[in-house]
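Chains as they are written, first to last, in full-length UniProt numbering: chain A, 1 to 329; chain B, 1 to 329.
Glycine included, each C-beta is placed from N, C-alpha and C at the ideal position.
Since this is a predicted model, take the numbers as computed values, not measurements.
All remarks here apply to the structure that follows.
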DNA sequence: ATGAAAGCGCTAACAT
DNA sequence: ATGTTAGCGCTTTCAT
């Protein structure tokens with residue numbers, strides 16, 4: 001069993017309040033003698049304050065919730081690591097919840113986390129505005145990571161990279177490399193603005209290309225989508241460039257293309273987004289735009305926790321992306 | 001603010017105890033009328049029991065801790081997902097802690113988690129027996145995932161695959177494929193038995209090969225190790241086969257080999273272990289031995305939580321591995 | 001300088 | 001059938 005203040009107090013022959021005070025450093029009015037005695041006792045007994053009791057009393061648990069689609073999707077572990085590293089600095093625990101982008105699961109996650117009295121929430125890639133209703137979230141502060149640029153800012157912190165710009169750059173690169181027919185494969189989640197698509201469209205329009213819906217395929221941020229997208233698009237069009245909504249899609253696309261005997265980048269150039277850890281090991285190594293996932297997690301946690309502990313305001317912060325040119329495009 | 005039993009009780013004009021009873025279904029002795037009234041109130045008010053208060057009272061928080069080296073290492077997210085999925089079924093939360101295999105961090109994680117009153121702990125790839133000391137762990141039940149076969153069983157649950165067998169099979173495969181000089185690159189953590197190495201050695205001995213320390217390199221389970229291992233070994237030996245302790249190592253090794261102009265599998269055959277999600281996208285696609293990471297996480301959580309909630313015993317369970325033959329070896 | 005007491009939200013044994 | 005009470009471990013105000 002864990003020691004309690006009560007036991008220590010008994011052993012030291014003082015009151016619970018006194019022990020509590022020295023344990024928490026509020027010991028200005030404690031005599032040097034008792035202080036020392038208690039300190040030693042605490043030390044030798046390996047006393048560990050009960051964070052649950054403390055949390056109940058203070059209405060603050062020093063834990064935050066991390067709500068994400070799927071931790072086994074390679075983009076998220078980096079974020080998770082950033083969050084946890086930062087949280088640990090502040091003595092915060094993080095409990096994570098996978099939702100698979102399912103509304104029901106999302107809601108039950110939030111409710112669950114609230115019952116656990118988390119002090120704050122970090123969301124990533126949630127596409128439904130509804131999730132941020134007062135009803136569901138209550139007064140818990142939240143910061144969202146990786147939701148593109150969001151306009152209607154409720155009182156919510158945001159850490160994001162400009163995915164529209166990233167995809168715009170990616171598309172421009174392909175154009176400048178001489179691609180004539182550039183396809184776009186990405187995800188189609190929620191009814192929010194699709195910034196990635198907008199970036200693609202913007203580049204095409206700027207260079208007076210026609211946007212051809214036959215060269216656009218949207219489904220989900222996974223390999224399957226990349227694979228299917230290529231099959232579908234190539235059945236109809238002859239393309240020589242491909243912009244992918246993320247690296248997983250690019251991975252699936254490369255797979256389909258290779259099986260189809262295409263040479264990359266000779267026949268078709270491909271650009272991805274994220275720079276997941278294995279992007280450089282693909283064949284050919286994937287040209288992609290890196291998002292600073294770890295940093296994003298860190299920044300999100302920092303903002304949230306400082307808000308919780310010091311009342312510092314939530315804010316929006318854009319983190320820079322960076323093109324990593326390799327050989328796929 | 002969240003509703004409390006007290007408030008509900010006031011609104012319903014009954015005592016706290018009564019509300020508590022119907023909320024928890026212990027309402028055999030509550031009149032149909034009050035029951036109904038309270039139920040409706042609970043429903044309409046969106047009452048959410050405070051799990052922290054409940055935890056304090058019951059000395060059971062319905063949360064477990066997951067201690068792992070690094071969530072951003074691609075082998076672990078799958079396990080994490082398995083754990084979380086299973087935990088959710090039982091209404092358990094999981095808080096995760098990255099340790100980077102560092103003793104100090106490991107210990108502080110455990111202490112931290114204990115202060116949070118977690119009901120149980122899942123460890124993965126912890127190499128130090130010391131971690132499981134009574135001192136550190138206390139009476140908290142623990143199950144370990146992915147530690148190879150362990151003999152000195154304390155009262156600890158285990159979910160594992162037979163890595164010795166897996167590496168043995170991998171090595172045998174290379175031998176049967178005609179490899180003469182088979183190197184081994186793996187990690188070297190802790191002072192525990194190195195089952196993976198033993199599998200390699202066993203196969204070599206069985207086929208009357210000499211075990212040459214110049215063909216063995218051990219450092220860590222990452223790409224760097226694979227890369228360095230190849231550089232070091234190839235400076236001295238001419239090898240035509242390589243067994244890797246995990247897929248990350250294989251990835252680094254392939255990288256080094258490719259840069260060195262080697263043809264895989266013509267000049268050298270390679271086998272990995274884990275079958276991480278991108279193993280099939282490497283060039284060439286990696287022949288490797290799959291560990292059922294998701295299942296391992298699920299099984300571990302199931303065992304642990306059933307132990308916690310029903311007192312079911314902890315046990316050891318071996319999960320099967322499976323060779324996935326692709327083109328690297 | 002120290003301690004008594006109230007209370008965080010909940011459960012459960014024990015009245016009534 | 002319902003309520004009173006004590007207490008989980010802690011913090012904090014207010015005595016002393």
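Every alpha helix (DSSP H) stretch that sits fully inside the segment 239 to 308 of chain B and reaches 4 residues is listed by chain position as 247 to 259. Closest option to residue 133/A, judged by alpha-carbon separation, among 155/A, 112/A, 115/A and 146/A: 155/A.
Taking 7 Å as the CB threshold, residue 281/A lines the interface with chain B. In this structure, DSSP gives residue 97/B an extended state, which the three-state scheme calls strand.
Under the three-state reduction of DSSP, residue 211/B is assigned to coil, being neither helix nor strand. With a contact defined as Cβ atoms closer than 8 Å, residue 96/B and residue 84/A qualify at about 7 Å. In the DSSP assignment, residue 323/A falls within the unbroken beta strand (DSSP E) covering 322 to 324. For residue 237/B, the closest C-alpha among the options 249/B, 252/B, 217/B and 244/B is that of 217/B. With distances taken between CA atoms, residue 41/A lies nearest to 10/A out of 10/A, 51/A and 53/A. Here residue 175/B is not near residue 244/B, since their CB atoms are 7 Å or more apart.
The beta carbon of residue 109/A sits closer than 7 Å to those of 67, 97 and 99, all from its chain and outside the five residues before and after it, given in chain order. Residue contact check for residue 296/B against chain A: no CB pair falls below 7 Å.
Chain B places no beta carbon closer than 7 Å to that of residue 273/A, leaving this residue out of the contacts. Looking at the backbone, the Cα of residue 228/A and that of residue 257/A are separated by about 11 Å. Taking 4 residues as the minimum length, the alpha helix (DSSP H) runs contained wholly in the UniProt domain "HTH lacI-type" (3 to 58) of chain B are 5 to 12, 16 to 23, 32 to 45 and 51 to 58, in order along the chain. In the DSSP assignment, residue 227/A falls within the unbroken alpha helix (DSSP H) covering 223 to 236. Of the candidates 300/B, 310/B, 313/B and 308/B, the residue whose Cα lies closest to the Cα of residue 147/B is 300/B. The alpha-carbon of residue 81/A is positioned some 15 Å away from that of residue 90/A. Between residue 248/B and chain A, the shortest Cβ-Cβ separation is not below 7 Å.
By the Cβ criterion, the segment 281 to 301 of chain A is in contact with the segment 279 to 296 of chain B, since at least three pairs of Cβ atoms, one from each stretch, lie closer than 8 Å. When 7 Å is used as the limit between beta carbons, residue 89/A is near no residue of chain B, the shortest such separation being about 12 Å. Distance check between residue 2/B and each of 13/B, 32/B and 53/B places 53/B closest, using alpha-carbon atoms only.
Between the C-alpha atoms of residue 296/A and residue 233/B there is a straight-line separation of about 39 Å. For residue 26/A, no Cβ of chain B is located within less than 7 Å of the residue's own Cβ.
Among the residues of chain B, none has a CB under 8 Å from the CB of residue 126/A; the nearest is roughly 17 Å distant. Runs of the alpha helix (DSSP H) lying entirely within the segment 97 to 158 of chain B and spanning at least 4 residues, in chain order: 103 to 115 and 134 to 137.
The Cβ-Cβ distance between residue 276/B and residue 75/B falls below 7 Å.
For the segment 49 to 63 of chain B, the residues whose beta carbon sits under 8 Å from a beta carbon of chain A are, in order, 49, 50, 51, 52, 53, 55, 56, 61 and 63. Counting along the chain, the unbroken alpha helix (DSSP H) around residue 202/B starts and ends at 195 to 206. When 9 Å is used as the limit between beta carbons, residue 215/B is near no residue of chain A, the shortest such separation being about 24 Å.
For residue 171/A, the uninterrupted alpha helix (DSSP H) segment begins and ends at 163 to 176.
Counting only Cβ-Cβ distances below 8 Å, residue 117/A has contacts in chain B at 50, 51 and 52, in chain order. Annotation: residue 251/A to residue 305/A spans about 36 Å, alpha carbon to alpha carbon. Nearest in C-alpha terms to residue 201/B, of all of 166/B, 314/B, 25/B and 161/B, is 166/B. Neighbourhood of residue 94/B in chain A, by CB distance below 8 Å: 95 and 96, in chain order. The DSSP-derived three-state label of residue 65/B is strand.
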